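Our numbering puts the first residue of the sequence shown at 652, with every later residue one more than the last. Reading through the structure tokens given below for one structure.
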Amino acid sequence: MQFPAWSESQALEVISRTCDEPGPVLVTLQAVQTYFGYVPDAAVALIANACNVSRADVHGVLTFYHDLRTELPPEVSIHLCVAEACQSMGSRQVMEDSRKAFVTNSNVEIRDAYCLGNCALAPAASVNGNLRGRVSAQSLVAEVAKL
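Written as structure tokens, this is what we have:
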């Protein structure tokens, strides 16, 4: 995934579109991350100022939600479901095998997800936002090779 380089002027434009929303801090953090791929440290003060809250408040929200990131994401992001239906179909083993398969590839990130809504095709995964069903470590390796 390609994201634009950090720019304070572009960040201020993104931030200005969201600070009037209910729950402006979370919505604004999500908007900045959607635009830049992550929330840089420099954005925290800008968001705090625009949303009229403290930097500590922004930092607290930023670090509370696991989907918000403070570093650029890797090229490939795999979210593997570990909820009950997927666990019963072997998702924990798929997770372990996948982590072993990608251990030397720093461009691939594997994270837990708690229900992707694809229980009928368990175990489920999301690869760069694309939902997949009946995955295995081998199918994930093959998919990443295509990217």
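For every residue, glycine included, the Cβ atom is placed at its ideal position computed from N, Cα and C. The structure displayed is predicted, hence computed values, not measured ones.
Among Val678, Ala734, Cys732, Cys737, nearest to Val709 - alpha-carbon criterion: Taking only the C-alpha atoms, the option nearest Val709 is Val678.
So is Cys766 buried or exposed if we call it buried at 16+ other beta carbons inside 10 Å? With fewer than 16 other Cβ atoms within 10 Å, it is exposed.
Work out the CA separation of Ser739 and Trp657 for me, nearest whole Å. Rounded to whole angstroms, Trp657 to Ser739 spans 42 Å at the Cα level.
Whole-angstrom distance between Pro691 and Phe715, CA atom to CA atom: If I take the Cα positions, the gap works out to 16 Å.
Quick check on Ala793: buried or exposed, where buried means 16 or more other Cβ atoms within 10 Å of its Cβ? Classification for Ala793: exposed.
What separation, rounded to the nearest whole angstrom, lies between the Cα atoms of Glu760 and Tyr686? In this structure, the straight-line span from the alpha carbon of Glu760 to that of Tyr686 is close to 20 Å.
Mark Pro655 as exposed unless 16 or more other C-beta atoms lie within 10 angstroms of its C-beta, in which case mark it buried. With fewer than 16 other Cβ atoms within 10 Å, it is exposed.
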